[in-house]
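To start, the structure itself, in structure tokens.
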Amino acid sequence: MDSKTPVENLYSIEPALSSSSRRSNFSAHSKSVGRSSIREVSFSDLGPKPVKYGSRGAESETYNMSQKEINDEDARLVQINDPVKTNERFEFAGNSIRTGKYSVLTFLPRNLFEQFHRVAYIYFLVIAVLNQLPQLAVFGRFASILPLAIVLLVTAVKDAYEDYRRHRADKIENNRLASVLVNHEFQQKKWKDIQTINLDGESNLKTRYAKQETLLKIPEKENVSGLIKCEKPNRNIYGFQANMEVDGKRVSLGPSNIILRGCELKNTTWAIGVAVYAGRETKAMLNNSGAPSKRSRLETHMNLEIIFLSLFLTALCTVVSVCAAVWLRRHRDELDYLPFYRRKDFYEEEEDNYNYYGWGLEIVFTFLMSVIVFQIMIPISLYISMELVRVGQAYFMIRDTQMYDEPSDSRFQCRALNINEDLGQIKYVFSDKTGTLTENKMEFQCASVWGVDYNSGKGSSQDQKDGYFVEVDGKILRPKMVVKTDPELLQFARSGKDTKEGSHVHDFFLALAACNTIVPLIVDTPDPTLKLIDYQGESPDEQALVYAAAAYGYMLIERTSGHIVIDIQGERQRFNVLGLHEFDSDRKRMSVILGLPNKSVKVFVKGADTTMFGVTDRSLNTSIIRATEAHLHSYSSIGLRTLVIGMRELSTSEFEEWHSAFEVASNALMGRARLLRKVATNIESNLRILGASGIEDKLQEGVPEAIESLRTAGIKVWVLTGDKQETAISIGYSSKLLTSKMTQIIVNRNSKESCRKSLEDAIIMSKKLTTMSGNTNDTGRTLGASLTPVALIIDGTSLVYILDCELEEMLFELACNCSVVLCCRVAPLQKAGIVALVKKRTSDMTLAIGDGANDVSMIQMADVGVGISGQEGRQAVMASDFAMGQFRFLVTLLLVHGHWNYQRMGYMILYNFYKNAVFVLVLFWYVLFTCFTLSTAINEWSSVLYSVIYTSVPTIVVGILDKDLNRRTLLKYPQLYGAGHREECYNKRLFWITMIDTVWQSAVIFFIPLLAYGGSTIDASSIGDLWTLAVVILVNLHLAMDVICWNWITHAAIWGSIVATVICVIIIDAIPSLVGYWAIFQIARTGLFWLCLLSIIVAALIPRFVVKVLYQFYTPCDVQIAREAEKFQPRSESAAVEVEMNPILNQPRP
């Protein structure tokens, strides 16, 4: 569809006008699509605002848009079936969207602009420009540009390929076909829209309704016209406010009447609607601002070392320029005739200065020339090497079969390549519970009905094998999932409403079958006489309850917006749905108003116990309420999720009063959402408790073992969940997060002062416990938490008063004294607030892992975000840095790949600093012996190719493939992960030791040939070739000494680089036009040349070898001890090899 009629053809269908089944509702199923790279749109008025993590009001932010009055100036007016009139005021955005970053014309300037955001690139660009000036020319003009050009080219090719894939996907999506109503006919036109992300990321069904006023209209046969007045484009995906004028009547439209882009229709074959937002104005485009930019901890530390190297480079250049100034002053009378200087030009009749600009300018030029000569002190190749190494590491993480989830057929995903090494330094893991630690596959276990506990574990039903079924037109309908039933409760359900117990059971299961948004779908089977009913809905809890009702003989058969059909013990009954108040996070309950066959009207309500008992009429059946509360506590204590079911019969006047208020609220132009919540609150009062349900959410496979391994590795695991306190504690025990040896500190208060008092008491208690049970080691430090671990359990209500105020500091102090922190009943923003609490007060690395939309804030707040691709959709995955199928894979990710990535990257950075500094210092020594003239013995092409070709490949290969320990050892001894916490692979001490070793090696490389050839007639080019080969061989042997895991690729890279260097030097010296023609052939024919090479290698590496041997023999670290144990493992595998590790100290912070 071309952009001249843009409003016709958007997949965001606002009000559904008709459906194939002539029913008034259908369902939208979010369609999971893999890309998420839109970045074109960002409106300043929709920018982020300061977040109050502890505020209750934060949850209501999604309703703000719906509380504004819609007037003609602030509204979008869409004429139904009249695109010309719709666009007459101004033309709306077209429907074709481009996710590609670049075009053919913009690629070069925009890509270069983005790459030069790196300060080092600007540094090398300045160096290349300076070298183009005749006064400063040290290298050839082309040679000075080559290193930067290669780095820019490699990055540009990578970016171009990524953008090509985006453009290719856009082309496919934009050319899909859609049916568009034109002149009372549906015509196929190009879609011109994209499916880049799902708005809420959920894979469960969302029920959407057509309005009754438009249900029977057929656009092909009659003229459908009207006006839709809706909000202007905004980011609020959970709210929508609009009015539709059709047939002279105003109809209100809300979130249930709009289908957002990226959805798939279920429960109907087609639906007709009007597009109100198109192209870049869709809610997807407005919401997708891209993932937050994250930089690894190692790279941040590396920048500090680069700053130091810059200062060191400045110092070298200053020394050279000052020495040059002194030399010029001392020899000022000789400059006119001094060979190789010749200040005077005698060729012309008048004597003039020849390439001499005065003492002051000569000093300045000397300084700038020094910067050019010593430029590779800042390793330009390091940046591209790091990117390539991260890509290689990501490849092996993705291909790791130990992180492949077979049930969901999902591999590990690496969505952020720039923080791989951070996985090796994680100190805090913040985990969601439902769907992350558990499977999020709910199974109905037990029920409390009218004060009686019916536990399905007491016996098994006679229908356990086949479950309940009904026969319709000779075909059998059976629920897709079989639920275990309780014999006694099943008997009451079958007895009907004749008895008192049967009446209560009837109301209970009627509430389970009706009070939901579940849509029944009929699924065919290989047996033509058998069909299955698949209950699809927004919540796994709802699905479990409806399946349970069906198992007890209350089978939901059909649902529309106006009625539902339930088969009750073989008798099909129709109930009119007079009203529905969906669940929201403020009320924490939902209700449905049903017109029963006997003409009575009842409201059925289900919700969390914290809100349900507050709206219960406690004057009725107090003993029933107390019994139900006791059953809820017992259910929660064994880890079951609970819901309370209530009911009230409405009189005619009560129903009419509600209906009137509901109509007013639904058609309100201002504050509609708030008014609807008020109407719901009024009707959901004075309830009679029917009972409660217990649903089991089983732990994922391997969760207890995973948590135990993480804690053994010195990682603190905090669980943040929305479940009840008792449920969370029970899951904590079953997952081994909590143990019987732990002392539990519970903070559960409802005021700021009471929270303050609880925190003060808890801090005193935690300190007393760790002090009383502490051991003192040889260093005098107390190992407190190791003997009496403390667990902090705190609820969301307390966090409301603690977060965003001075109590935060007290909570952090208490949490640091605890081995485990368990937060229950927390809101999504409170999860992010807990992560922010730790990040602001400690430098430790944090990781957040979750599977649902409510975990996105937490995932994006943490240093590393991990998404679980589970039952709750893909929003957590799309917002994450890494994604996996099971929580237990976190052990492999951190303890194996995290350790490897950190060790490799830390070594690679130090090695790059070393190899470049060695080369620069050799040049520096030479300058000191050549009157500070900045002439170089090493060929300019060798200087340029040193970082790019001579030494770059081995470090990349080792950074990808080297393994200091094998997988089995790292998993067997989780304490080895502590090397990342202690920063053993990259720290300031290692940096300074490396620099000292660098000075020694550079001195050996320079002075041995100088002494050997001191009295000879060898030219500078020949000795320069000797220095070049010596440096390359030395740094590669240095690397080979540190390689632990050898394979043919590593051998080829290291020894191949030496061979490649020799070949390049030979080729360069064989070109007559270059300086040093045939030099290598002259010097290499002598025995002294080979003796110098051997002497340099031995003298340079002996100190390093001796220090390594002594260090590993007398003060080995855990990794070195484990590596020695690996050597003997094959011979003594039958006997257990015990390796004593250094203890992981979880010292309370002062």
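Mapping of the sequence shown onto the numbering used here: residues 6 to 1155, in sequence order. Built from N, CA and C at the ideal position, the CB exists for glycine as well.
The residue among Leu625, Ser500 and Pro531 with its C-alpha nearest the C-alpha of Ile573 is Ser500. Between Ile598 and Gly612, the gap from beta carbon to beta carbon reaches 8 angstroms or more. The C-alpha of Phe588 is placed about 18 angstroms away from the C-alpha of Tyr540.
In this structure, Asn425 places its C-beta atom within 8 angstroms of the C-beta atom of Asn906. Looking from the CA of Val1064, the closest CA among Ser848, Pro959 and Lys1113 belongs to Pro959. The Cβ atoms of Asp849 and Lys432 sit closer than 8 angstroms to each other. Shown here for Ile965: same chain residues with a beta carbon closer than 7 angstroms to its own, the five before and five after excluded, namely Val394, Gly397 and Gln398 in chain order.
Between Ala820 and Gln84, the alpha-carbon positions lie close to 58 angstroms from each other. The beta carbon of Asp1002 sits closer than 8 angstroms to the beta carbons of Tyr919, Pro1108 and Arg1109 from its chain, once the five residues preceding and following it are set aside; these are given in chain order. In chain order, Trp663 and Ala666 place their CB closer than 8 angstroms to the CB of Asn687, counting only its own chain and leaving out the 5 sequence neighbours on each side. In terms of Cβ geometry, Tyr951 and Asp1047 do not form a close pair [threshold 8 angstroms]. Across the structure, Lys845 and Leu808 are spaced so that their CA atoms are roughly 13 angstroms apart. Beta-bridge annotation (DSSP): Leu232 is paired with Gln84 and Glu250. When the five nearest sequence neighbours on each side are left out, the beta carbons in the same chain lying within less than 6 angstroms of the beta carbon of Gly870 are those of Ala853, Ile864, Ser885 and Asp886, in order along the chain.
Sequence-distant Cβ neighbours of Glu689 in its own chain, meaning closer than 6 angstroms and more than five residues away, are Ser596, Val610 and Val620. The alpha-carbon of Ala837 is positioned some 12 angstroms away from that of Asp868. Here Trp1060 is exposed. Its C-beta has fewer than 16 other C-beta atoms within 10 Å. The stretch 651-658 makes no contact with the stretch 710-718, as fewer than three CB pairs between them are under 8 angstroms.
At a cut-off of 4 residues, the continuous stretches assigned as alpha helix (DSSP H) that sit fully inside the stretch 567-653 are 614-617 and 627-642. The bridge partners DSSP lists for Thr748 are Val795.
Excluding sequence positions up to five before and after Arg716, its CB lies within less than 7 angstroms of the CB of Val722, all in the same chain and listed in chain order. For the pair Lys216 and Asn262, the Cα-to-Cα distance works out to about 8 angstroms. In this structure, DSSP gives Arg693 an extended state, which the three-state scheme calls strand. Annotation: Asp437 is outside any beta strand (DSSP E) and is labelled neither H nor E by DSSP. Following the DSSP letters along the chain, one finds Gln1125 inside the alpha helix (DSSP H) bounded by residues Asp1123 to Phe1133. With contacts defined by Cβ atoms closer than 8 angstroms, Ala555 and Tyr459 do not form a contacting pair. When the Cα atoms are used, Tyr282 and Phe191 turn out to be separated by approximately 20 angstroms. Pairwise C-beta distances place the stretch 1110-1119 out of contact with the stretch 973-983, as fewer than three of them are shorter than 8 angstroms. The alpha carbon of Arg404 has as its nearest neighbour, out of Met889, Thr726 and Arg483, the alpha carbon of Met889. The DSSP-derived three-state label of Gln705 is coil. Listed in chain order, the non-local C-beta contacts of Ala516 below 7 angstroms within the same chain comprise Phe609, Lys611, Ile650, Met652 and Leu695, local neighbours out to five positions each way being set aside. Looking at the backbone, the Cα of Pro602 and that of Arg579 are separated by about 7 angstroms. Per DSSP, the beta-bridge partners of Val826 are Trp723 and Leu797. Residue pairing for Leu482: DSSP places it in a beta bridge opposite Val475 and Lys536. Counting only runs of at least 3 residues, the stretch 887-917 fully encloses the following beta strand (DSSP E) elements, listed from N- to C-terminal order: 887-889. The Cβ neighbour count for Gln430, taken over all protein chains shown within 10 Å, is at least 16; the residue is labelled buried.
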